[in-house]
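Numbering (the UniProt record's numbering), first residue to last: 1 to 84.
Don't be surprised by glycine CBs; every beta carbon is placed ideally from N, CA and C.
Data block below; observations after.
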């Protein structure tokens, strides 16, 4: 065996739906809010909402965390800094 040896740590990119489900589970976002994350995934470098401090459920910060994780799982992480 002369080829490169994989240590198995790099997982292959996931399709959008699978990445969204996994990211939602990791951040305890109920599945019925996943449709609120999809617009962020369609425009990963666009303007994203920020927390308004109004106690919204789900908070924009939660949606952003899920979107960022889903993009990582898809192998296409956001390049722009996320809103604070």
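- Message: Considering just the uninterrupted stretch of the alpha helix (DSSP H) at residue 39, what are its terminal residues?
- Response: Element bounds for residue 39: 34-42.
- Task: Note down the Cα distance separating residue 85 from residue 22, rounded to an integer number of angstroms.
- Result: For residue 85 there is no data in the structure shown, the boundaries of the chain being 1 and 84.
- Query: Using DSSP with H/G/I as helix, E/B as strand and the rest coil, what is residue 70?
  - Reply: Helix at residue 70.
- Task: Could you tell me whether the Cβ atoms of residue 26 and residue 78 are closer together than 8 Å?
- Result: Contact: no.
- Backbone secondary structure at residue 79 - three-state DSSP: Under the three-state reduction of DSSP output, residue 79 falls in the coil class, being neither helix nor strand.
- For residue 19, is the classification buried or exposed, using 16 other Cβ atoms within 10 angstroms of its Cβ as the cut-off for buried? Looking at its Cβ environment, which holds 16 or more other Cβ atoms inside 10 Å, residue 19 is buried.
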